[in-house]
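**Student:** Using my numbering, the first residue of the sequence shown is number 1304, and each one after it goes up by one.
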Amino acid sequence: QPWRENGKLAWVDPSNPQVQDYDIALAKMVASSGVDEIQFDYVRFPAEGDQKDAEFAFQSTHPSWQRSDAISDFLARAYQELHPHGVLVSLDVFGVMAWQRPVDLAHTGQNIAAMARTCDVLSPMIYPSHFFHMDGYANPGDAPRHFISESMERFREITGDTKVVLRPWLQAFAWRTKTYSPGYIRIQVSASREEGGIGFLFWNARNDYSKLFPAMVRPDAGSSVAPSTPGD
């Protein structure tokens, strides 16, 4: 039966060839419809829950592999099969992977240096509120400039010998921050650009972008998003 994360979210095995073939076939079908980019999300193994009863295909087919080997192998194949269709390939990865902690790599299998060689665009999810007590910040959600800048700098260093574009997912929600506002949005965009980010994506689980739209400069006023303070 499918393994469930904390008894709730059911996972398919990311190293199972049938799962991989299905994902690639689905991506190729979408590519043939005329889109210009295929973005893979959840390109990882489970990061939470008791996994002592979880069994993954690669453990028997490739006993010497780590989780990161299984992820990288799948992505290399997906990249090779999708590019002839004229689409870019982009990947979503955890923002915390910028810190290169062994425990995170062991759980997720997201080897950023390897993944950057199997995609055109890397989109780290660097939501300040998700960096629980990191870098000495008791309330990381209220330090958007630090966490966006630090994350982007680290990702840039890790992927420096590749041609991958860094286009981050940024925070468009008020969870764990008291300063969420249009100014908060502008700070994130500014910090990302200063560290080499090209473009950006914003996420809100409820699709509430009421703070985002006022933060964006009108087309007739230029393309830049001016720096600001969180309360603006």
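Quick reminder that beta carbons are idealized off the backbone N, C-alpha and C, glycines included.
Count the other C-beta atoms from every protein chain shown that fall within 10 angstroms of the C-beta of Asp1423, then say buried if there are 16 or more, exposed otherwise.
**Tutor:** To locate residue 1423, count along the sequence shown from 1; it is residue 120. Buried.
**Student:** Identify which residue in Ser1495, Leu1515, Thr1462 and Glu1498 has its Cα closest to the Cα of Ala1477.
**Tutor:** Residue 1477 sits at position 174 when you count from the first residue of the sequence shown. Selected option, being the one with the closest Cα: Leu1515.
**Student:** Report the residue from His1410, Ala1441 and Ile1488 whose alpha carbon sits nearest the alpha carbon of Asp1353.
**Tutor:** Residue mapping note: residue 1353 aligns to position 50 of the sequence shown, counting from 1. For Asp1353, the nearest C-alpha among the options comes from His1410.
**Student:** Roughly how many whole angstroms lie between the Cα atoms of Phe1348 and Ser1513?
**Tutor:** The count along the sequence shown starts at 1 and reaches residue 1348 at position 45. The count along the sequence shown starts at 1 and reaches residue 1513 at position 210. Roughly 33 Å separates the two Cα atoms.
**Student:** Give the straight-line distance between the Cα atoms of Val1396 and Leu1378, rounded to the nearest whole angstrom.
**Tutor:** Working through the sequence shown from its first residue, we reach residue 1396 at position 93. Working through the sequence shown from its first residue, we reach residue 1378 at position 75. Distance between the alpha carbons of Val1396 and Leu1378 is about 13 Å.
**Student:** Let's test the definition: count the other Cβ atoms within 10 Å of the Cβ of Ser1335 and tell me whether it reaches 16, buried, or not, exposed.
**Tutor:** Residue 1335 sits at position 32 when you count from the first residue of the sequence shown. Exposed.
**Student:** Determine the burial state of Pro1577: buried for a count of at least 16 other Cβ atoms within 10 Å of its Cβ, exposed for fewer.
**Tutor:** Any property of residue 1577 remains undetermined from this structure, which presents the chain solely from 1304 to 1535.
**Student:** For the candidate residues Gln1491, Gly1499, Trp1402 and Asp1324, whose alpha-carbon lies nearest to that of Met1519?
**Tutor:** As a working note, residue 1519 is residue 216 in the sequence shown. Per the C-alpha coordinates, the member of Gln1491, Gly1499, Trp1402 and Asp1324 positioned closest to Met1519 is Gln1491.
**Student:** Excluding the 5 residues flanking Trp1368 on each side, which residues of the same chain have their C-beta closer than 6 Å to its C-beta?
**Tutor:** Here residue 1368 corresponds to residue number 65 of the sequence shown, with the count starting at 1. Closer than 6 Å at Cβ, skipping near neighbours: Phe1361.
**Student:** Kindly list the residues whose CB is nearer than 8 Å to the CB of Asp1339, restricted to its own chain and excluding five residues on each side of it in sequence; keep chain order.
**Tutor:** What you label residue 1339 is simply residue 36 of the sequence shown in a count that begins at 1. Within the same chain, Asp1339 has close Cβ partners Gly1389, Val1390 and Leu1391.
**Student:** Just to confirm my understanding: we take Gly1500, look at its own chain, exclude 5 residues before and 5 after, and list those with CB closer than 7 Å. What are they?
**Tutor:** By one-based count along the sequence shown, residue 1500 stands at place 197. Answer for Gly1500: Met1455, Leu1469, Arg1470 and Pro1471, listed in chain order.
**Student:** Can you tell me which of the three DSSP states Ala1313 falls into?
**Tutor:** To locate residue 1313, count along the sequence shown from 1; it is residue 10. It is a strand residue.
**Student:** With a threshold of 16 other CB atoms inside 10 Å of the CB of Asp1404, please say whether the residue is buried or exposed.
**Tutor:** Within the sequence shown, numbered from 1, the residue matching residue 1404 stands at position 101. The residue you asked about is not Asp; residue 1404 is Arg in the sequence shown. By the neighbour-count rule (16 or more Cβ atoms within 10 Å), Arg1404 is not buried but exposed.
**Student:** Report the three-state DSSP secondary structure of Gln1383 (helix, strand or coil).
**Tutor:** The sequence position of residue 1383 within the sequence shown is 80, counting from 1. DSSP places Gln1383 within a helical segment (H, G or I) once states are collapsed to three.
**Student:** What would DSSP say about Met1519, mapped onto helix, strand or coil?
**Tutor:** Numbered from its first residue, the sequence shown carries residue 1519 at position 216. It is coil, neither helix nor strand.
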